[in-house]
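In this text, residue positions in the sequence shown follow this note's numbering: the first is 49, and each later residue adds one. Below: one structure, written as structure tokens.
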Amino acid sequence: MSNQILKVENLRTYFDTYLGKLKAVDGVSFEIGGREIFGLVGESGCGKSVTALSIMRLVKYPGKIVSGKVFFKDEDLLEKDDAAMQKIRGKEISMIFQDPLSSLNPVLKTGEQVSEVYRFHQRFPRKKSKQESIVMMELVGIPSSKSRYSDYPHQFSGGMRQRIMTAMALSCTPSLLIADEPTTALDVTIQAQILDLISQLSKRFGTSILLITHNLGIIARHANKVGVMYAGKLVEIADVESIFYSPLHPYTAGLLKSIPKVGHKERLNTIEGVVPSLIGDFKGCRFYSRCDRRKDLCASEEPSLVEVEPNHKVCCHICD
């Protein structure tokens, strides 16, 4: 694991509901290398965000990490106590959450919230923390950072708040940055600016990124490797070129066919059917009812994620 920053093995996170156990993450495994951007893509509700929260050990009741291993720099995070995880979060592993307005404290000055990261993890005195915070705010493109240090979150636009979240996440130059839908509710121009900023800063600081999104255009532009998630499981993992030019799993192929193209006048392709319920036990492939290439084996036996081509893994009986 010399060049591996993160290795997730058979991670399972379930939620207790009145209908039974909801298997939000059910046997997920993947790896992220040094300075790599790993894109985790899939439709809403497939388990992307729960995977990220499980890595950070931030899953709240009624959710529970049932089993698995999360190796960060060869140490299993699931075996660490809360005190040890507090030292890792923000310093070694940072996370940018979906909604910057709800993630920032509305009654604390924005600069103070950035400064707090330096005081807690770097043990900097208040004056130096403020100086470093202003520098970082300038680095992420906040104009007049010195004067805006004392502004509150509601005084910033959505794009500026996301830049503040990026400043907080990268202030301690973490080894791994988890960006969970970092451009939610932002217009297209601001989306591009935020994502370019994250990519540039990750290269500058040597940070690996787990980029979570349902936007395949973002994945194509920024990711090195891609994991496609469906109904709590990873169904395909490969480099970005292989995913876009030679997808193997029927679900991945369906997603790519549904992307609108300039000049396309025909009706867009759709994946028929609905996502199966994540409550209870599964029998067979989770994509079986929606797959146009299914066979009898798919209905009775659940496929495993196997490498069918060099560095290309797929969870499908047909491809296997």
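A virtual CB, placed ideally from N, CA and C, is assigned to each residue, including glycine. Given the structure is predicted, the values throughout are model-derived calculations rather than measurements.
8 Å CB neighbourhood of residue i in its chain, flanking five on each side removed
i, result
"Arg419", "Since the first residue shown for the chain is 49 and the last is 368, residue 419 is missing from the structure and cannot be characterised."
"Ser348", "Lys331 and Gly332"
"Val356", "Leu296, Val362, Cys367 and Asp368"
"Gln241", "Gly189 and Gly207"
"Leu243", "Pro230, Thr231, Ile266, Arg269 and His270"
Coarse secondary structure for residue i, derived from DSSP in three states
i, result
"Glu127", "helix"
"Ser50", "Residue placement at Ser50 cannot be trusted, given a pLDDT of 44 that sits under 50; the coordinates are not used to answer."
"Gly280", "coil"
"Ala217", "helix"
"Glu289", "helix"
"Lys361", "strand"
"Leu67", "coil"
"Ala271", "coil"
"Arg334", "coil"
"Val236", "helix"
"Arg137", "strand"
"Arg342", "coil"
"Ile242", "helix"
"Ile319", "coil"
"Ser142", "strand"
"Ser256", "strand"
"Thr369", "The chain is shown only over 49 to 368; residue 369 falls outside these bounds and no answer can be derived."
"Leu152", "coil"
"Ile212", "helix"
"Ile266", "helix"
Residue from the options whose Cα sits closest to the Cα of residue i
i, options, result
"Val165", "Phe63, Val155 and Ser181", "Ser181"
"Thr221", "Gly311, Arg83, Gly68 and Cys364", "Arg83"
"Asp287", "Ile242, Phe78, Asp64 and Thr65", "Phe78"
"Gly321", "Ser177, Val274 and Ser337", "Ser337"
"Cys364", "Thr255, Ile190 and Thr300", "Thr300"
"His159", "Ser198, Phe168 and Ala240", "According to the sequence displayed, residue 159 carries Gly and not His. Among Ser198, Phe168 and Ala240, the Cα nearest to that of Gly159 is on Ser198."
"Lys305", "Gly311, Lys313, Leu296 and Thr318", "Thr318"
"Val56", "Tyr66, Leu67, Gly75 and Thr65", "Gly75"
"Gln52", "Asp122, Leu249 and Ser92", "Asp122"
"Gly265", "Cys339, Gly328 and Pro308", "Pro308"
"His270", "Glu289, Pro191 and Gly93", "Glu289"
"Ser163", "Val155, Thr255 and Lys175", "Lys175"
"Leu353", "Val310, Leu303, Leu282 and Cys339", "Leu282"
"Ala93", "Ser247, Val73, Asp130 and His312", "It should be noted that the sequence gives Gly, not Ala, for residue 93. Of Ser247, Val73, Asp130 and His312, the residue nearest in Cα terms is Val73."
"Asp130", "Phe253, Val107 and His312", "Val107"
"Ser116", "Pro110, Tyr109 and Glu127", "The sequence given here places Gly at residue 116; Ser does not occur at that position. Gly116 has its Cα closest to that of Glu127, out of Pro110, Tyr109 and Glu127."
"Ile285", "Tyr66, Cys339 and Ile80", "Ile80"
"Gln161", "Lys112, Ala217, Gly111 and Arg252", "Ala217"
"Lys112", "Gly302, Asp64 and Ser247", "Asp64"
Check whether residue i and residue j have beta carbons under 7 Å apart
i, j, result
"Leu59", "Phe120", "no"
"Gln146", "Thr232", "yes"
"Arg209", "Pro201", "yes"
"Leu259", "Ile85", "yes"
"Pro369", "Arg334", "Any property of residue 369 remains undetermined from this structure, which presents the chain solely from 49 to 368."
"Met277", "Lys69", "no"
"Gly369", "Leu88", "Limits of the chain in this structure are 49 at one end and 368 at the other, which puts residue 369 out of reach."
"Ile103", "Val114", "no"
"Ile227", "Ile136", "Here residue 227 turns out to be Ala, not Ile, going by the sequence shown. Cβ distance not < 7 Å, so Ala227 and Ile136 don't count as in contact."
"Thr261", "Leu225", "no"
"Glu186", "Ser193", "yes"
"Arg167", "Ser177", "yes"
Contacts around residue i, its chain only, beta-carbon distance under 7 Å, and the 5 residues preceding and following it disregarded
i, result
"Ser50", "Note that Ser50 has pLDDT 44, beneath the 50 cutoff, so the model's placement of it is unreliable and no number is given."
"Phe204", "Thr158 and Ile212"
"Gly328", "Gly68"
"Leu345", "His365"
6 Å CB neighbourhood of residue i in its chain, flanking five on each side removed
i, result
"Met184", "Ala215 and Ser219"
"Met133", "Arg105"
"Lys71", "Tyr62, Gly280 and Leu326"
"His169", "Gly138, Lys139 and Cys220"
"Ile238", "Gly207"
"Phe253", "Thr221"
"Leu249", "Leu218"
Chain B within 7 Å of residue i, Cβ atoms only
i, result
"Cys333", "The structure shown contains no chain B, having only a single protein chain."
Distance cut-off 6 Å: residue i Cβ against heavy atoms of the ligand HEM
i, result
"Gly265", "As for the ligand HEM, it is missing from this structure, which has no ligand bound."
**OP:** Note down, one range per segment and in chain order, each beta strand (DSSP E) of at least 3 residues found wholly within the region 76-121.
**Re:** Positions of the beta strand (DSSP E) runs, each at least 3 residues long and wholly inside the region 76-121, are given as 85-89 and 111-120 in order along the chain.
Original post:
Whole beta strand (DSSP E) runs in the region 154-208 with 3 or more residues, listed along the chain?
Top reply: For the region 154-208, there is no continuous beta strand (DSSP E) assignment of 3+ residues that stays within its boundaries.
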